[in-house]
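K.L.:
Protein chains in written order, with this note's numbering: chain A, 0 to 119; chain B, 915 to 1326.
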Ligand code: FES
Ligand SMILES: [Fe+2]
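(1) Would you list the residues sitting across from residue 891 of chain B in a DSSP beta bridge?
(2) Just to check my reading of the structure: residue 58 of chain A and residue 1107 of chain B have Cβ atoms closer than 8 Å, yes? What is that Cβ distance to the nearest angstrom?
(3) So, with DSSP's three-state summary, where would you put residue 944 of chain B?
(4) Between which two residues does the alpha helix (DSSP H) holding residue 1158 of chain B run?
(5) Round the Cβ separation of residue 1075 of chain B and residue 1059 of chain B to the nearest angstrom and send it over; I've been treating them as touching at under 8 Å.
(6) Could you pull out every residue in the same chain whose Cβ sits closer than 7 Å to the Cβ of residue 935 of chain B, ignoring the five residues on either side in sequence?
(7) Could you tell me which chain A residues have their CB closer than 8 Å to the CB of residue 963 of chain B, listed as they occur along the chain?
(8) Quick one: residues with CB closer than 7 Å to any heavy atom of ligand 1, in chain order, please.
(9) Is residue 1154 of chain B close to ligand 2? I mean its beta-carbon at under 7 Å from any heavy atom of the ligand.
(10) Applying the 10 Å Cβ sphere with the 16-neighbour rule, what's the burial state of residue 1359 of chain B?
(11) Within this structure, are the beta carbons of residue 1228 of chain B and residue 1093 of chain B separated by less than 8 Å?
(12) Does residue 26 of chain A come within less than 8 Å of chain B when only Cβ atoms are used?
(13) Against chain A, which members of the region 1092 to 1122 of chain B pass a CB distance test of less than 9 Å?
(14) Would residue 1276 of chain B count as contacting chain A if we go by Cβ distances under 8 Å?
(15) Can you round the beta-carbon distance between residue 1140 of chain B and residue 1126 of chain B to whole angstroms, since I take them to be within the 8 Å contact cut?
(16) Do residue 976 of chain B and residue 1013 of chain B have their C-beta atoms closer together than 8 Å?
(17) Could you tell me which of B:1039, B:1216, B:1275 sits nearest to residue 1146 of chain B, measuring between CA atoms?
(18) Taking the alpha-carbon of residue 970 of chain B as reference, which of B:1243, B:1294, B:992 has the nearest alpha-carbon?
(19) In its own chain, which residues sit with a C-beta less than 8 Å from the C-beta of residue 1189 of chain B, not counting the 5 before and 5 after it?
(20) Are the beta-carbon atoms belonging to residue 1016 of chain B and residue 988 of chain B less than 8 Å from one another?
(21) Along chain A, which residues have their Cβ under 8 Å away from the Cβ of residue 1255 of chain B?
(22) I'd like to know whether the C-beta atoms of residue 1388 of chain B and residue 1317 of chain B end up nearer to each other than 8 Å.
(23) At a Cβ threshold of 8 Å, is residue 34 of chain A touching chain B?
(24) For residue 1309 of chain B, count neighbouring C-beta atoms within 10 Å of its own C-beta (all shown protein chains included) and say buried if the count is 16 or more, exposed if not.
(25) Can you pull the chain B residues whose beta carbon is under 8 Å from the beta carbon of residue 93 of chain A, in chain order?
(26) Does the beta carbon of residue 1265 of chain B sit closer than 8 Å to a beta carbon anywhere in chain A?
(27) Can you give, in chain order, each stretch of the beta strand (DSSP E) that sits fully within the region 975 to 1001 of chain B and has at least 3 residues?
(28) What ranges does the alpha helix (DSSP H) occupy inside the region 1038 to 1114 of chain B, keeping only unbroken runs of at least 4 residues that lie completely in it?
(29) Applying the 10 Å Cβ sphere with the 16-neighbour rule, what's the burial state of residue 1041 of chain B?
(30) Would you list, in sequence order, the uninterrupted beta strand (DSSP E) runs of no fewer than 3 residues that lie entirely inside the region 34 to 117 of chain A?
(31) Hey, residue 1004 of chain B and residue 1048 of chain B are a contact pair by Cβ (cut 8 Å); roughly how many whole angstroms apart?
(32) Tell me, please, whether the CB atom of residue 106 of chain A is closer than 8 Å to any CB atom in chain B?
(33) Provide the residue span of the alpha helix (DSSP H) that contains residue 1304 of chain B, from first to last.
Structure (structure tokens):
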């Protein structure tokens, strides 16, 4: 198993991406969804276009650590990488921030466990 | 694998259950809903939980059957046995537990402090001498029938269930029990929501493949072509009237494979809409998983009345829909996987899969409220069904036969 100590690949260069990583490097799926919903297509597209070519390198770098040993300095990069999943459909399928042929996505409340039905 | 003859798909459906239109009263009629409550929800085996969530003695879970206003406590006893009781103190009827899960040594009523062990026996009554002739043995919690299959907890509210759970679930047999009950499964993610629609409309949306090309045109259309979603119906079954199978397209380039889908496919198999480069580990799927077919993705089964169970290699998806009234329901979807992510690549794959399925489900859920309103106002009195929609006929037939059979039993 690899650890931070024997990580072979060094941290990718991020210069030029700092603003995107700061804006989209949010720790939860829900926060990244809100970020998408409160952005316009230009903002989403500029994030997507800037990140996409760098993504394989970011993932390979992050992938060499056990999950709980990803360096703190790389968390924002990890979250911004996950935010790319959140904007994929908007860019590649809808050309729009939201899907107009589905229910309001915020009606779907994420569960925390199988029995979680919220306050009853 | 991949031999041409192996690429044959099952029949897309059948007209064997007739071709006429179906009425829609059963979705909107208050009288029909009363029949469903009495003869279906009170008599069917209902999936209410996962055994691994009630693991050690003292663990309990509280499940509300909103349809009937019945609150159920499911608890594991000191003898390791799971039991279900009405969440009702036998003194004056207060609820025993209010939290949805927990671990307790005994179930202690908050009103006057009667306490019950996890086997349901009344074990302590404060100032018992105040009662004139209390026979503590008679004050046992009211039990509910419970059984476990495939790792899932089912209850039956009938005084005496008409069928055992295993009889009920045929053709899902012991092989399914073993595969789905495998200890490797762990809960990964899920969602819930409320809908102003009859509960059966949400079920209907998952038991036919005719909708896929249109409903999902902005997400997964092409990746699972409607023509590759065959309908099953099981005329002999008590509790599993129908289901749907899904196969990939023969031409793998079909469907919109975005750069994100292709990248995530390198690291895991969470998305069912993209051919993964690595597969989930999944032990014991013989006779359950159709792995000898190179295009097979999943089979789903309607577990009557309200569960759609999707069975796949390394992934289970369960949709539960519980009516609150004829016009309102609670919808829940939950995913189980055989592997927990241990690397970022897998987390990335899971995130892509979660978001893809979330958006797809949002499309599946999009039509129910409009349909319900159209049925309710009388704009639509009948619906047409093609042979790919034969599961809806099987579901309708089972709904009526379940009510009729139970009514007939009650007649002297
Ligand atoms: S109602 Fe439970 S102790 Fe009185
Ligand atoms: Fe669908």
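All C-beta atoms, glycine included, are put in the ideal place defined by N, C-alpha and C.
P.N.:
In this structure, then:
(1) For chain B, the structure presents residues 915 to 1326; residue 891 of chain B sits outside this window and is missing.
(2) Residue 58 of chain A to residue 1107 of chain B, Cβ: 32 Å. No contact.
(3) helix
(4) Counting along the chain, residue 1158 of chain B falls outside any alpha helix (DSSP H), though it belongs to the beta strand (DSSP E) covering 1156 to 1161.
(5) 5 Å
(6) 1296, 1297, 1298
(7) 113, 114
(8) B:1003, B:1005, B:1006, B:1007, B:1008, B:1023, B:1025, B:1026, B:1027, B:1028
(9) no
(10) The structure shown does not extend to residue 1359 of chain B, since chain B is modelled only from 915 through 1326, so no value can be given for it.
(11) no
(12) no
(13) 1101, 1103, 1104, 1105, 1106, 1107, 1108, 1109
(14) yes
(15) 4 Å
(16) yes
(17) B:1216
(18) B:992
(19) 1162, 1166, 1179
(20) no
(21) 66
(22) Residue numbering for chain B in the displayed model covers 915 to 1326; residue 1388 of chain B lies beyond these limits and cannot be assessed.
(23) no
(24) buried
(25) 1132
(26) yes
(27) 984 to 990, 996 to 1000
(28) 1079 to 1083, 1088 to 1095
(29) exposed
(30) none
(31) Their Cβ separation, rounded to whole angstroms, is 10 Å, which puts residue 1004 of chain B and residue 1048 of chain B out of contact at 8 Å.
(32) yes
(33) 1304 to 1324
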